[in-house]
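All remarks here apply to the structure that follows.
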Amino acid sequence: MPMNNWDQLIREPEPVAIIVLLLLLGSLVQGMRRGASGSARRLFYFVWEGVVIVVCLVLAGQLTNVCSPVIADWLTRHVNIPLRELGDVEQAWFTLLTSLRDFALLRYGVLFLISYLLLRALASLVEPLIERFVFSMLKGGREESVQELPGKRSASRVVGAIIGAAHGAGRSFIFVALLFVYVSLVPNGWFTDKISKSPLYTEAASWLAPVAGDVLAGQGPVLTEAVQAQFQQILQRKYEIIDYAVPAEIEKAALYVTKDALTNEDKARKLYDWLGTRIAYDWDKARNYEQFGIWKEQTPPQTFVTRKGVCIDIARLYAVMARSAGLEVRVVTGMGADGRGGYGPHAWNEVKIGEGDSGWIPLDATWASSGDWFNPPQFEQTHIRDA
């Protein structure tokens with residue numbers, strides 16, 4: 001970690017970095033104490049644990065690189081979301097499965113942790129055999145004092161400190177990986193906002209690079225950006241799973257609105273016009289959130305019945321109706337221009353009307369009353385997407 005980062009940590013304590021620092025210092029002190037304990041057996045166990053941590057980390061990374069694409073392919077072929085309303089447990093389960101299928105960083109983190117734990121379990125089975133072999137080589141198995149070894153106690157302290165530092169690095173790596181999996185699976189959970197903004201993720205990129213292989217390729221110089229992008233995608237995936245089952249009345253309305261459309265673009269336009277003229281913006285809900293922090297979760301059927309909602313509600317309803325009409329659609333979150341030179345949180349849609357990435361067009365049914373926001377020129381100047 002660069003010196004200026006350490007200075008910043010001292011001036012502005014940051015919880016994640018402090019925990020990692022404590023893990024490193026604690027392991028360093030533990031290593032020095034083990035090295036000076038006078039027991040060759042205790043030192044052996046400490047050395048063995050350090051070797052196991054390093055080897056298991058490297059092997060877990062390589063194993064994950066091999067398994068990740070295989071798991072993704074299997075999930076693609078076998079995960080099918082039921083066409084019915086899902087309970088809370090089912091929503092969480094299918095959100096996890098589809099997120100593991102589609103988001104490489106999350107899949108890598110989960111597989112890495114599983115691989116590491118399995119390898120550690122395997123190492124614990126081998127440990128008695130290694131111990132028996134090592135101590136059979138030390139003067140017929142006699143417990144040897146560290147003071148009798150070359151270098152005496154001071155050298156043993158140094159060796160213990162080095163091994164302790166390796167322990168601390170390994171434990172810190174696992175801690176950061178666990179945090180990533182936690183915030184990925186529970187993007188709105190306790191403390192996730194502070195974790196996701198932690199400067200430590202900048203340093204984590206250099207830790208992960210030796211074992212992550214191609215997973216981080218093309219993700220940019222800082223892991224934070226890639227992680228934050230997947231936070232947003234996973235949050236959107238939660239909405240996709242919740243809204244996957246289309247109520248009959250919404251499906252009927254969507255098919256009626258698009259019955260005369262000849263192309264996918266015509267369908268998308270007719271749905272945009274329908275929502276833009278029938279769903280009013282819920283200013284009371286927006287003010288409650290902006291002024292008091294009170295957020296009212298709202299489903300597409302509720303928006304359809306009440307005929308009002310904020311941007312995310314309108315975008316979710318558009319997505320449900322578009323899927324009912326046979327369109328491929330997604331909800332996009334980001335920042336929208338506020339008309340006063342600034343930007344605020346916003347949500348809109350993208351619909352696929354052609355082949356490839358260029359076949360996606362943006363639209364904003366929330367802003368329909370203020371102009372034509374169906375794939376207008378320079379849409380990206382007023383809408384900045386998060387992911």
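Reminder that position 358 of the sequence shown reads as 358 in full-length UniProt numbering, one-by-one numbering, no gaps. We put the beta carbon where it would ideally sit given N, CA and C, even for glycine.
query, result
"Touching by the beta-carbon criterion (3+ pairs, under 8 Å), the stretch 339-353 and the stretch 256-269", "yes"
"Selected residue, minimal CA-CA separation from TRP348, among GLY359, TYR108, ILE19 and GLU380", "GLU380"
"Cα-Cα separation between GLU249 and LEU275, rounded to whole angstroms", "15 Å"
"Which of helix, strand or coil DSSP assigns to PRO377", "coil"
"Whether TYR108 touches SER68 by CB criterion (8 Å)", "yes"
"Spatial distance of ARG340 from THR303 (CA atoms)", "28 Å"
"Other residues of its chain near GLY336: CB distance less than 7 Å, five sequence neighbours each side excluded", "TYR343, GLY344, HIS346, THR382 and HIS383"
"Proximity to TYR256 [Cα-Cα], best of SER27, THR64 and ALA325", "ALA325"
"Cβ-based burial, ILE18 [other Cβ within 10 Å; buried from 16]", "exposed"
"Reference PHE94; option with closest CA among LEU75, PRO362, LYS252 and TRP283", "LEU75"
"Local Cβ density within 10 Å of VAL89, reported as buried at 16 or more and exposed below that", "exposed"
"The stretch 309-323 touching the stretch 279-295, judged by at least three CB pairs closer than 8 Å", "yes"
"Coil, strand or helix - GLY140 by DSSP", "With a pLDDT of only 49 at GLY140, under 50, the local geometry of the prediction cannot be trusted, and no value is derived from it."
"Neighbourhood of TRP367 by C-beta distance below 7 Å, restricted to the same chain and skipping five residues each side", "TRP373"
"Closer than 7 Å: LEU111 CB and nearest the ligand ATP heavy atom", "As far as ligands go, the structure on display features none, and thus does not contain the ligand ATP."
"Bounding residues of the alpha helix (DSSP H) (the contiguous stretch that carries ILE250)", "248-257"
"Contact belief for PHE112 with THR64 at Cβ below 8 Å, rounded distance in angstroms", "5 Å"
"Three-state class that DSSP yields for GLY168 in the structure shown", "helix"
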